[in-house]
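> Dropping the structure in here first, questions after.
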Amino acid sequence: MLDFNNTEIAFASKSKSELKNAYLLFNVMKHPGIVKLGKWACQVALKIRFPLAWIVKPTLYKQFVGGETLQDCTKHINLLKLSNVKSTLDYSAESKQTPEGIRATLEETLRSIDFARENHDIAYAVFKPSTITTDELLCKVSEKNEKLTLTEIKEFREFGERFMLLCERAYNNNVRILVDAEDYCLQNAIDELTDEAMRRFNKDRAIVFATLQMYRHDRMPYLHRIYDDAVEKGYYPGIKFVRGAYMEEERKRANIIGYPDPICKDKQATDDNFDAGVRFVVEHIDRMELFMGTHNETSNYKLAFLIDEQKLERNTPRIFFSQLLGMSDNISFNLAHEGYNVTKYVPYAKVRDVLPYLLRRAEENTSVAGQTGRELRMLNAEMERRKKS
Ligand SMILES: Cc1cc2nc3c(=O)[nH]c(=O)nc-3n(C[C@H](O)[C@H](O)[C@H](O)COP(=O)(O)OP(=O)(O)OC[C@H]3O[C@@H](n4cnc5c(N)ncnc54)[C@H](O)[C@@H]3O)c2cc1C
Numbered sequence: 379m380l381d382f383n384n385t386e387i388a389f390a391s392k393s394k395s396e397l398k399n400a401y402l403l404f405n406v407m408k409h410p411g412i413v414k415l416g417k418w419a420c421q422v423a424l425k426i427r428f429p430l431a432w433i434v435k436p437t438l439y440k441q442f443v444g445g446e447t448l449q450d451c452t453k454h455i456n457l458l459k460l461s462n463v464k465s466t467l468d469y470s471a472e473s474k475q476t477p478e479g480i481r482a483t484l485e486e487t488l489r490s491i492d493f494a495r496e497n498h499d500i501a502y503a504v505f506k507p508s509t510i511t512t513d514e515l516l517c518k519v520s521e522k523n524e525k526l527t528l529t530e531i532k533e534f535r536e537f538g539e540r541f542m543l544l545c546e547r548a549y550n551n552n553v554r555i556l557v558d559a560e561d562y563c564l565q566n567a568i569d570e571l572t573d574e575a576m577r578r579f580n581k582d583r584a585i586v587f588a589t590l591q592m593y594r595h596d597r598m599p600y601l602h603r604i605y606d607d608a609v610e611k612g613y614y615p616g617i618k619f620v621r622g623a624y625m626e627e628e629r630k631r632a633n634i635i636g637y638p639d640p641i642c643k644d645k646q647a648t649d650d651n652f653d654a655g656v657r658f659v660v661e662h663i664d665r666m667e668l669f670m671g672t673h674n675e676t677s678n679y680k681l682a683f684l685i686d687e688q689k690l691e692r693n694t695p696r697i698f699f700s701q702l703l704g705m706s707d708n709i710s711f712n713l714a715h716e717g718y719n720v721t722k723y724v725p726y727a728k729v730r731d732v733l734p735y736l737l738r739r740a741e742e743n744t745s746v747a748g749q750t751g752r753e754l755r756m757l758n759a760e761m762e763r764r765k766k767s
């Protein structure tokens, strides 16, 4: 029976010292004051180019990152495979959005798609669109308030070519690719390109996956539009559901600029929207594929029960559960143990480049109510269990 409290399964691959280190780390992260101070210190250190690896590598990096390169991630891929969990290698360097940074990110992402073709323990490739262009351009195109200059038109065309190049490489390699979702002000342009890529490359099966942030109250109508379009034009949309990572910034921005808040009115409304989206895709699974990224136990139980209720195979390749490396192992490993498809996002990049991602993880663990408490409780229960046995 599926039970996320089974810590023996959750931490089977962790040594005693790894459990202890994770416990210490989450204990520090539960203090918002320390995380805030650490964030500020890291930002200063980055500016003055003060070395950070000595403190970050044995702590946050070790817990949440697979390594610096694709090859480094092999040990995680193999370890996850032992528990029937697949990997999704995510090049998490936050690009400097310079021509060199953009080119380097594009090339590394292409390498990650090729790496996935050769390795059946990798479930998906992934990319974050803003790392292959600039926020300014994405924002201007998305908001449609101002006319683009000729240079911007050319730059946006080139961004579209890079975007399609990644999707086409995934298609040629028969590798599914997730397009991460970003801030509201950047997302329209991303949605339009993703829709086009799905029409182009998802003719026989879902290759390109759109990410829908269900904290946005306009996402169910968008999901219905995707479905109707797919039926009309004959393709198979891939849908990745998350709740959304940028709520505070979104509310602030909407308030300052003076447009309606795009986020659901409260957590319950987001949860209901999330459930409705997941149910819709499962009920139309002959036409769509589902990737559900969440650390919420209830959402994971609900999807597991829904799969059983709809009499689908637990390991139908059309449905994957997903959590981030270093978080919610109790969910990932217990789901996999019960025969459901699970993939962990395994971020990789050099310490300096992945720091913004790590700081977001640290902040998320202080701000997502109950999450750190749950990690600590699980780790503690497993250490106690091992002591007794
Ligand atoms: C595998 C994976 C991939 C991800 N990819 C992306 C991505 O591409 N883009 C992205 O934006 N995020 C992404 N995320 C992060 C995700 O959007 C969430 O921020 C994070 O997972 C926390 O939500 P939860 O469902 O896990 O947990 P929960 O604790 O159940 O939910 C917390 C979330 O609920 C929402 N929420 C909280 N309070 C309120 C409120 N008062 N009103 C309305 N809504 C509220 C917010 O979205 C908040 O982050 C990803 C997460 C995972 C696990």
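All the letters of the sequence shown, read from the start, carry residue numbers 379 to 767 under the working numbering. Positions of the beta carbon are idealized from the N, C-alpha and C atoms, including for glycine. Quantities reported herein were computed from a predicted structural model and do not represent experimental measurements.
Indicate the three-state DSSP secondary structure (helix, strand or coil) for Thr694 in the structure shown.
DSSP places Thr694 in coil when its eight states are reduced to three.
> So Thr721 and Val463 are in contact, right, with Cβ under 8 Å, and what is the actual spacing, rounded?
Contact flag correct, Cβ pair sits at about 7 Å.
> Quick check: the segment 558-565 against the segment 527-546, are there 3 or more CB pairs under 8 Å?
The segment 558-565 vs the segment 527-546: no contact.
> Throw me the rounded Cβ distance for the Glu675 and Phe382 pair, which I believe falls under 8 Å.
Indeed, because the Cβ distance is near 5 Å, the residues count as touching under 8 Å.
> Kindly indicate which three-state DSSP category Leu448 falls into: helix, strand or coil?
Coil.
> Quick check on this structure: which residue in Gly751, Leu448 and Arg755 has the alpha carbon closest to the alpha carbon of Arg495?
The candidate whose alpha carbon is nearest that of Arg495 is Leu448.
> What do you reckon, are the CB atoms on Tyr613 and Met576 nearer than 9 Å?
Their beta carbons are under 9 Å apart, which means Tyr613 touches Met576 by this criterion.
> Does at least one heavy atom of ligand 1 sit under 8 Å from the Cβ of Tyr593?
Tyr593: yes, Cβ under 8 Å from ligand 1.
> Could you please give the first and the last residue of the uninterrupted alpha helix (DSSP H) stretch that includes Arg603?
Unbroken alpha helix (DSSP H) run through Arg603: Arg597 to Lys611.
> At what residue ranges does the segment 432-502 contain a whole run of the beta strand (DSSP E), taking only runs of 3 or more?
The segment 432-502 contains these whole beta strand (DSSP E) runs: 464-469.
> Counting beta carbon pairs with one atom in the segment 626-640 and one in the segment 578-589, are three or more of them shorter than 8 Å?
Cβ pair count under 8 Å is below three, so no.
> If you scan the segment 527-582 from start to end, which runs of the beta strand (DSSP E) of 3 or more residues do you find wholly inside it?
For the segment 527-582, whole beta strand (DSSP E) runs of length 3 or above, ordered along the chain, are 554-557.
> Looking at Gly671: is its Cβ nearer than 9 Å to the Cβ of Tyr600?
No, these two residues do not count as a Cβ contact at 9 Å.
> Would DSSP call Tyr735 helix, strand or coil?
In this structure, Tyr735 counts as helix in the three-state DSSP scheme.
> For ligand 1, any of its heavy atoms closer than 8 Å to the Cβ of Tyr624?
Tyr624: yes, Cβ under 8 Å from ligand 1.
> Go ahead and label Lys518 buried or exposed: buried means 16 or more other beta carbons lie within 10 angstroms of its beta carbon, across all protein chains shown.
Lys518 is buried by the Cβ-count criterion.
> So Leu412 is in the alpha helix (DSSP H); what residue range does that whole segment cover?
Here residue 412 is Ile; the residue named in the question, Leu, does not match the sequence. Ile412 -> alpha helix (DSSP H) spans Pro410 to Lys425.
> Can you tell me the Cα-Cα spacing of Trp418 and Asp450, whole angstroms?
The alpha-carbon atoms of Trp418 and Asp450 are separated by roughly 29 Å.
> Taking the alpha-carbon positions, what's the Gln749 to Pro477 distance?
So the two alpha carbons sit approximately 38 Å from each other.
> So is the beta-carbon of Gln421 under 8 Å away from any non-hydrogen atom of ligand 1?
Result no, Cβ not under 8 Å from ligand 1.
> Which value, in whole angstroms, describes the spacing of the CA atoms of Lys689 and Val659?
Each residue's alpha carbon lies about 15 Å from the other.
> Identify the continuous alpha helix (DSSP H) that holds Leu684 and give its terminal residues.
Glu675 to Glu687 is the span of the alpha helix (DSSP H), which, as asked, contains Leu684.
> Could you name the residues that DSSP lists as bridge partners for Leu701?
It is Gln, not Leu, that sits at residue 701 in the sequence shown. Looking at the DSSP assignment, Gln701 forms a beta bridge with Lys722.
> Can you have a look at Lys506 and say buried or exposed, based on whether 16 or more other CB atoms are within 10 angstroms of its CB?
Label assigned to Lys506: buried.
> Measuring straight from C-alpha to C-alpha, what distance separates Gly445 and Lys630?
Their Cα atoms are separated by approximately 34 Å.
> Restricting to Cα atoms, I'd like to know which of Asp499, Asn551 and Thr487 is closest to Val557.
Nearest option by C-alpha distance: Thr487.
> Cβ of Lys464 within 8 Å of any heavy atom in ligand 1?
Checking every heavy atom of ligand 1 against the Cβ of Lys464, none is found closer than 8 Å.
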